[in-house]
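Worksheet: the structure to be examined is printed underneath.
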Amino acid sequence: MTTLADKAKLTVDALIAGRRAVQTHAEKVQHALDLVEMHLQEENPERIDECIRLYTADAVWEAPARKVAYQGRELIKKMYLRVFNGVVDFEFKPVERWATPERVFDDSYVNFKITGDAFDNCPYPIGTRVQMRLIHAFHIRDGLISREIGYELWRRAEDQ
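Read left to right, the sequence shown gives residues 1 to 160 (the UniProt record's numbering).
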């Protein structure tokens, strides 16, 4: 029986292996979109290792509003694990996504409750329900994510 993590590994393997085969502008754009879609699907505690493989070794993940940046796959993974351990009721609502071969922009709403020390420079205390407007700018290099910038607009969910 194949586990979900095993299936994720095979899918990520295929996406990474196929990145060199894309030639046309349209194929490069589709690869960039597929890469980000896969990244967002794998962004969970059970499949975080597959998510991290979609970054370049020197990738940078940053959130300018909180004045944080993490460089390298291991620090990015530690940041994600911290978030997974410090929030509950996580809900992702896509708004729009578009791409060029080197950039993907993703606009979404993210809802969650802070239950622990999940975020560096978090603007709200533990126990707060958050509705965040989140704009991601993904930089793509050699078919992998080299930079992920999360432009976060934090609001208390009850303020909506």
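Each residue gets a CB set at the ideal place from its N, CA and C atoms; glycine is no exception.
Name the DSSP beta bridge partners of residue i, please?
| i | result |
| --- | --- |
| residue 130 | 112, 156 |
| residue 93 | 109 |
| residue 87 | 114 |
| residue 151 | 135 |
Quick check: what's the CA-CA separation for residue i versus residue j?
| i | j | result |
| --- | --- | --- |
| residue 70 | residue 77 | 9 Å |
| residue 129 | residue 40 | 22 Å |
| residue 53 | residue 61 | 14 Å |
| residue 144 | residue 82 | 23 Å |
| residue 29 | residue 13 | 19 Å |
| residue 151 | residue 103 | 15 Å |
| residue 156 | residue 24 | 44 Å |
| residue 88 | residue 80 | 13 Å |
| residue 36 | residue 154 | 22 Å |
| residue 138 | residue 158 | 30 Å |
| residue 115 | residue 22 | 43 Å |
| residue 67 | residue 84 | 20 Å |
| residue 96 | residue 45 | 25 Å |
Rank the options by C-alpha distance to the C-alpha of residue i and give the top, closest one.
| i | options | result |
| --- | --- | --- |
| residue 59 | 25, 142, 73 | 73 |
| residue 34 | 158, 16, 45 | 16 |
| residue 108 | 36, 134, 115 | 134 |
| residue 19 | 44, 93, 56, 43 | 56 |
| residue 93 | 110, 100, 85 | 110 |
| residue 119 | 98, 91, 65, 99 | 65 |
Going by DSSP in three states, residue i sits in which element: helix, strand or coil?
| i | result |
| --- | --- |
| residue 101 | coil |
| residue 144 | strand |
| residue 82 | helix |
| residue 62 | strand |
| residue 21 | coil |
Let's see if you can read the secondary structure: which residues bound the beta strand (DSSP E) around residue i?
| i | result |
| --- | --- |
| residue 69 | 68 to 71 |
Terminal residues of the continuous alpha helix (DSSP H) containing residue i?
| i | result |
| --- | --- |
| residue 32 | 25 to 42 |
| residue 50 | 48 to 53 |
May I ask whether a heavy atom of the ligand NAP can be found less than 7 Å away from the beta carbon of residue i?
| i | result |
| --- | --- |
| residue 139 | For the ligand NAP, the structure offers nothing, since it holds no ligand at all. |
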